[in-house]
Amino acid sequence: MSATTLSTPVRSDSAAYKLGTTYPDVPIEEKERLFAEVKADERYSDYLYGCYECGICVAACPSARYYDFSPRRIAQAAAREDAELIYQQMQEDIWECSQCFSCLRCPRGNNPGGIITIMREVAVTNGLQSAKQALRGYTRIIYKIMSTGTQVSPDMLQADAFPDWGPNVKEVSDKLAVWRRALPPDTHHTTTTGWEVSTKTLVELYLIWHKTGALDMIAELDASLHSLLEEVMEDLLDEEGYELT
Amino acid sequence: VTIPVEKVAGPGRKNKAEFQWSEEHAPEDFHERLFELEDRGELIVQRVSGDCVEVPVKYGRTKKVPIGNTWHHKSCGQCGHIPGYSTAIFWVNRKLGIEYEDPRDQTSCTAWNYYASATSNAAAQASVALRNFAAAYESGNFPIIHCGTSFGHYKEVRAELLAHDKLREEVRAVMDALGKPLVLPEEMVHYSEWFYAMRHEIAKHQVRSFDGISVTVHPACHYYKLVEGDAIYDPEVYGGQRTAVVTSLVQALGAEVRDYSTWFDCCGFGFRHILVQRDFTRSFATQRKIKRMKEEADPDVTLTHDTGCVTTLDKSQFAARAQDPEFATIPVLSEAQFAALAMGAHPYLVCQLHWHAADYKPLLEKMGIDHERAWAQFEEATARLERGEQQYLTWEDTDV
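Residue numbers (the numbering used here), protein chains in the order written: chain A, 1 to 245; chain B, 1001 to 1400.
Written out as structure tokens, the structure reads:
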């Protein structure tokens, strides 16, 4: 993406402004290219049917209660094909969404949460500043899910990572090994994954990440994470006799 | 289906003579397209075979829920951080003498990460889903999904695959490379639907009276908001205007369901927020859910049926209490753990309540469970592991 040195167009009443978020402005052609990528997703036409401006989606939206965020604005900007505003939303708004899909209450059948999913994908693929900022501190989770096939593991329960969850986290962490061995299902004795995933299963998962381009998406977001994942996956695939073409 | 107005709770409904499902507004039944693609040889539909229960879903339709020979698609959040959730599901199956499979050939649906970070795409998500479905198909058992997000996401994936030829071709190429067939199950089945279907059987095995136990229910967004038609709605529960799962089980067990105004609100999980932006999650969970439940219903426990909801509602309360000593907490359980306790399950060896944060001991006392004795039994069992007398506890060890 070709960034310019134009000043950051963050709205002065937005959460992004208050947090001191900055991102580069880009020429309108670049904004239109990004929006074209959003529209090119096969799901896009299933997610947008126009907007009554009734606000039912906003009333149902948890993020709208705590952020300067509105699923209605997302649907309207998309319906108007306002590439300028959509770029702004991709940089300032989309990561506030809770992805609960309460906005599917829309009487027109719009899916603002689904439009946001696609906008986020485009933000990640194009290495937008908002994606890098929103996912700062999150990359260990991406590593976990892509490399092990389970998203959260017992050993992630560390007191310094979840101080707001109370003293129970430390207790679990201190007793983790023995408490995992105390679980009756024999798939549950793991500490680094949610359950025991077979090697064959993991090989198949790695092939999926490679063949669908999901692994490539990480490169724009975090080059070192991408290298690490690539190495882990190639090592196992190589060990199991798979050659990536 | 016509529902008498007295079945429909809430003052706003009193001006209506009756409530009827509208065929006009019903979405297409996905089965038609599913079987059409099967007829064309594009995919295999894994049928619900053997004993099953036909349950009501939205718009007056029905859905088949298999009783046994199920392939348990586990939840990473449940197994990782709330292990008593999945353990309780398995324990109830075993107690009812039902055959099931707990597979190692299963990955997470990876949707928690997808909704949090979007570091994936439609083809990858569909391939992950179909790899798991193929594994279930190869096992001969029918998939039953533990996580609400996995269930909702898989319904989305199904809708996308049925609608988009190009996506189907992309996924077919991946499955070919894995040497696996393209399989979709005839029904997407969430474990809470199995508990709905089995609620009377569970109640027959109840050994602890829940008379006098009051409950609020949080219905999980991804269970019924994503691909909304395919979720259980029973005219006898909330007049068919809210999903009947969880509530119907609580009623069958003789506990009292109490209502509160923010039942439709999500829990505040947020996928990304719960991990790296918890100020939002904590605020929403405590102010919009726990506080409202306490003020309006004052329940002994709140029950839900999804990984993220149990995590969020349970873990968020500590900080609110630390900030305000007057903040009244509510224990949070899955309805699977609640049912297991009703059937006599051990609170620690089976339900693993020591992994929960909000104080659940007053609830156990009200249920007539001696939690101090139960904890001593758990400690005695884990001491055997620490002394090297046993490597693992087994199902047999849960019968104390």
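Ideal placement from N, C-alpha and C gives every residue a C-beta, glycine not left out.
Secondary structure remark: continuous beta strand (DSSP E) runs of at least 3 residues inside the region 1049-1105 of chain B, in chain order: 1052-1056, 1062-1066 and 1070-1073. Assignment of residue 1261 of chain B by DSSP, reduced to helix, strand and coil, places it in the coil class. Here the alpha carbon of residue 215 of chain A sits roughly 15 Å from the alpha carbon of residue 1126 of chain B. Residues of chain B with a Cβ closer than 7 Å to the Cβ of residue 43 of chain A are, in chain order, 1122 and 1160. Taking CB atoms only, residue 1268 of chain B has a neighbour in chain A less than 9 Å away. Distances from the alpha-carbon of residue 144 of chain A to those of B:1139, B:1173 and B:1107 put B:1107 closest. Residue-level contact by beta carbon fails for residue 55 of chain A and chain B, as no gap is shorter than 9 Å. In the displayed model, residue 1330 of chain B falls within coil according to three-state DSSP, outside both helix and strand. According to the DSSP assignment, residue 1217 of chain B belongs to the beta strand (DSSP E) that extends over 1214-1218. In the three-state DSSP reduction, residue 1045 of chain B falls in the strand class (E or B). Contact check for residue 1123 of chain B against residue 169 of chain A fails: the beta carbons are separated by 9 Å or more. The three-state secondary structure of residue 1142 of chain B, taken from DSSP, is strand. A check of alpha carbon separations from residue 1055 of chain B across B:1160, B:1132, B:1259 and B:1231 identifies B:1231 as the nearest.
Under the three-state reduction of DSSP, residue 117 of chain A is assigned to helix. Taking a Cβ-Cβ cut-off of 7 Å, the neighbours of residue 168 of chain A in chain B comprise 1357, given in sequence order. In the DSSP assignment, residue 24 of chain A falls outside any beta strand (DSSP E) and carries neither an H nor an E. According to DSSP, residue 1185 of chain B shares a beta bridge with B:1046.
It is roughly 22 Å from the alpha-carbon of residue 1331 of chain B to the alpha-carbon of residue 1090 of chain B. Runs of the alpha helix (DSSP H) lying entirely within the region 1334-1383 of chain B and spanning at least 4 residues, in chain order: 1335-1342 and 1361-1366. Nearest Cα to residue 1334 of chain B within the set B:1116, B:1217 and B:1289: B:1217.
The beta carbon of residue 1083 of chain B falls within 9 Å of a beta carbon belonging to chain A, placing the residue at that interface. By the CB criterion at 9 Å, residue 1128 of chain B and residue 1343 of chain B fall outside the cutoff. For the region 1215-1236 of chain B, the beta-carbon criterion of a distance under 8 Å to any beta-carbon of chain A is satisfied by 1221, 1222, 1225, 1226 and 1228. With contact defined as three or more Cβ pairs closer than 8 Å, the region 118-125 of chain A and the region 35-46 of chain A are in contact.
Taking the Cα of residue 112 of chain A as reference, the smallest distance to any Cα among A:73, A:172, A:84 and A:132 is reached at A:73. Contact check between the region 1188-1202 of chain B and the region 1140-1158 of chain B: three or more CB pairs, one atom from each, fall below 8 Å, which counts as touching. When Cβ-Cβ separations below 9 Å define contact, residue 70 of chain A makes no contact with chain B. DSSP places residue 150 of chain A outside any beta strand (DSSP E), giving it a letter other than H or E. By the Cβ neighbour-count rule, residue 1035 of chain B is exposed, with fewer than 16 other Cβ atoms within 10 Å of its own. For residue 102 of chain A, the chain B residues whose C-beta falls within less than 9 Å of its own C-beta are 1221, 1225, 1264, 1265 and 1266, listed in chain order.
Annotation for residue 201 of chain A: the continuous alpha helix (DSSP H) segment containing it runs 199-211. The Cβ atoms of residue 54 of chain A and residue 71 of chain A lie no closer than 9 Å to each other. Interface with chain B (9 Å Cβ-Cβ cutoff): residue 22 of chain A is excluded. Residue 1355 of chain B is positioned such that its CB atom lies no closer than 9 Å to that of residue 151 of chain A. The region 1039-1056 of chain B and the region 1070-1090 of chain B do not touch, with fewer than three beta-carbon pairs separated by less than 8 Å.
In the three-state DSSP reduction, residue 1164 of chain B falls in the coil class, being neither helix nor strand.
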